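Please read the structure below before turning to the comments.
Residue numbers (our numbering): 407 to 621.
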């Protein structure tokens, strides 16, 4: 089961390879999205390191380095289908909408083994859901509401620490993370990033197109 389908605090029973090619994706193709990224967040890095250390000897995992930790929020579209001026207009709309939202605190600590990844849910979730709602509104203003991708209601904000690369039982991963010695990472969300990303090397890597500050 995906994270959004799991009851809070529970793990999936079975896992599968995250790196299957979703429709439209292939090597070399780029995708625009609104994410929250985490430059210079040592408490988050320490927490992720504790989980990565616990998972290091588990097979069939892609551990995510600090540089590529992110909170997936809202896809925009493939780069070869969106003209640069359209992307700029979406960014401008999002900048205007987000500018009225105060920065807020968020906490990470617990971990969930979902069907394709090992993730740290964000708490509280509601302020991040509001950011996603505003980015969806920005996309809809430019492209039309019928062109906003992804389900508005299927979203549980999280940061992944590892992607699973083979099908099988979730038990080995649950056992590993249960032995991790972890604390809590508290940080402030003060911006949203419009990024251009790819997954050519079994890792989500990106360049930041624009950083959009909160109030």
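Each residue gets a CB set at the ideal place from its N, CA and C atoms; glycine is no exception.
Note that the structure is predicted; figures quoted are calculated from it, not measured.
Original post:
Among 541, 596, 567, which residue has its Cα nearest to the Cα of residue 438?
Top reply: Ranking the options by Cα distance to residue 438, first place goes to 541.
**OP:** Return the chain-ordered list of same chain residues with a C-beta closer than 7 angstroms to the C-beta of residue 627, the five sequence neighbours on each side being excluded.
**Re:** This structure leaves residue 627 out entirely; the chain is present only between 407 and 621.
**OP:** Could you have a look at residue 581 and say whether DSSP puts it in helix, strand or coil?
**Re:** In the three-state reduction of the DSSP assignment, residue 581 falls in the helix class, which pools H, G and I.
Original post:
Can at least three beta-carbon pairs, one atom from the segment 514 to 530 and one from the segment 599 to 618, be found at a separation below 8 angstroms?
Top reply: No, the segment 514 to 530 is not in contact with the segment 599 to 618.
Original post:
Among 513, 453, 464, which residue has its Cα nearest to the Cα of residue 570?
Top reply: Nearest C-alpha to residue 570: 464.
Original post:
If we ignore side chains and look at the alpha-carbon of each, how far apart do residue 552 and residue 558 end up?
Top reply: Straight-line Cα distance between these residues: approximately 12 angstroms.
Subject >> Boundaries (first-last residue) of the beta strand (DSSP E) holding residue 566 >> reply: Per DSSP, residue 566 belongs to the beta strand (DSSP E) from 564 to 570.
**OP:** Determine, using beta-carbon pairs with one atom in the segment 427 to 436 and one in the segment 575 to 593, whether at least three such pairs fall under 8 angstroms.
**Re:** No: fewer than three Cβ pairs fall under 8 angstroms.
Original post:
How do the segment 479 to 495 and the segment 507 to 520 stand: do at least 3 beta-carbon pairs fall below 8 angstroms, yes or no?
Top reply: No, the segment 479 to 495 does not touch the segment 507 to 520.
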